[in-house]
Amino acid sequence: MASAGLGLSAVFGPATFCAVTGGSRGLGRSIAVLLAERLGEGSRLVLTGRSLQGLQETKRQVEEKCPNQLEVKLVTADMGDSTAYPALFYDIFADTGPGAFQNALIIHNAASLGDMGKKAAEHFDPEILNKYYATNLTSVIALTAKFMEVFSGSNVRRTVVNISSAVAVEPLRHHALYSSGKAARNMFFKVMAEEEPDVRVLSYSPGPMATDMLQTVRSCGDKKVEDRFNAMESKGLILSPDASAKHMCTLLEEDKFKSGAFLDVFGRFSL
1 MASAGLGLSA VFGPATFCAV TGGSRGLGRS IAVLLAERLG EGSRLVLTGR SLQGLQETKR
61 QVEEKCPNQL EVKLVTADMG DSTAYPALFY DIFADTGPGA FQNALIIHNA ASLGDMGKKA
121 AEHFDPEILN KYYATNLTSV IALTAKFMEV FSGSNVRRTV VNISSAVAVE PLRHHALYSS
181 GKAARNMFFK VMAEEEPDVR VLSYSPGPMA TDMLQTVRSC GDKKVEDRFN AMESKGLILS
241 PDASAKHMCT LLEEDKFKSG AFLDVFGRFS L
């Protein structure tokens, strides 16, 4: 059974397979660059995202920080198309046979907000809803299952990180889809942690960050939402993606969290 407190070498040691979804910009890019500095010889970093140009820029930054230290693989993906999952998962996990890696880490960062112009009771189109939850929930569950299948050997240390949000537990206007998707993911990973004691599982709330996503939220047209984020900004609570990614890496390095925990960058809750 994997235990807490194993430290840096156990989490990011040599021959680590690491996949980061949504790695083309924002927090995903920051996570990729910071993790790359910690991955040892023989490691592979797989970045997925919809924008090949964005992924290539992330790869450039990774290789600038860590030249010749690890293999970086790019996989363009539309997580909303469930029919493409078999081919997508094959690309992500290609050439990862038994014994290829000592550590396996997957970070579910990819997410979308949905239609921020709608209130909860205005989401009536089932096709749009199915597409949203395929992107933000179904793909995460299916990709996690494939990760567990590929790295089923007891000699591989496995870690799963779910990038969550405070709105998974704190309702925010115009966030019905985003909040419900994050809440469902949190509970899925809590159950998984109970069922898989040999796997380290963490849900992490990165806090509000200075990204394109935050700009979309702040322009949703709801004054209460706008006032909330203006107040957070005045208190210095809007983080850079690098700062939040660094905190997440520290949690993984210290490895003291209870598997399945939901932790917040500001320590507002520990669930």
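If you count the sequence shown from 1, position 23 lands on 23 in the UniProt record's numbering, and the numbers rise without skipping.
Note that CB positions come from ideal geometry on N, CA and C, so glycine has one too.
{"Query": "Beta-carbon separation (whole angstroms), Gly-260 vs Lys-182, contact threshold 8 Å", "Result": "Actually they are not in contact, since the Cβ atoms of Gly-260 and Lys-182 sit about 15 Å apart, beyond 8 Å."}
{"Query": "Best match in Ser-180, Leu-34 and Gly-207 for proximity to Leu-113 [C-alpha to C-alpha]", "Result": "Ser-180"}
{"Query": "Reference Thr-144; option with closest CA among Ala-94, Asn-162, Asp-125 and Tyr-132", "Result": "Asn-162"}
{"Query": "Alpha-carbon to alpha-carbon, Ser-203 and Leu-263", "Result": "6 Å"}
{"Query": "Bridge partner(s) assigned by DSSP for Ile-141", "Result": "Ile-141 pairs with nothing; no bridge assigned."}
{"Query": "Proximity winner among Ala-245, Asp-115 and Ala-104, relative to Gly-42 (alpha-carbon distances)", "Result": "Ala-104"}
{"Query": "Proximal residues to Asp-78 (C-beta, below 7 Å), its chain only, five neighbours per side dropped", "Result": "Arg-50 and Ala-84"}
{"Query": "Per-residue burial, Met-1 [other beta carbons within 10 Å of its own, 16 or more giving buried]", "Result": "Per-residue confidence for Met-1 stands at a pLDDT of 38, beneath the threshold of 50, marking its modelled position as unreliable; the derived number appears in the next sentence. With fewer than 16 other Cβ atoms within 10 Å, it is exposed."}
{"Query": "Separation of His-123 from Asp-255, as counted between CA atoms", "Result": "40 Å"}
{"Query": "Whole-angstrom distance between Ala-111 and Leu-237, CA atom to CA atom", "Result": "21 Å"}
{"Query": "Nearest-angstrom Cα separation, counted from Val-167 out to Ala-193", "Result": "21 Å"}
{"Query": "Beta-carbon contacts of Gly-40 that lie in its chain and below 6 Å, excluding the five residues immediately before and after", "Result": "Gly-13 and Pro-14"}
{"Query": "Met-116 in three-state terms, based on DSSP", "Result": "coil"}
{"Query": "DSSP three-state assignment for Ala-100, whether helix, strand or coil", "Result": "coil"}
{"Query": "Cα-Cα separation, Glu-253 to Arg-38", "Result": "10 Å"}
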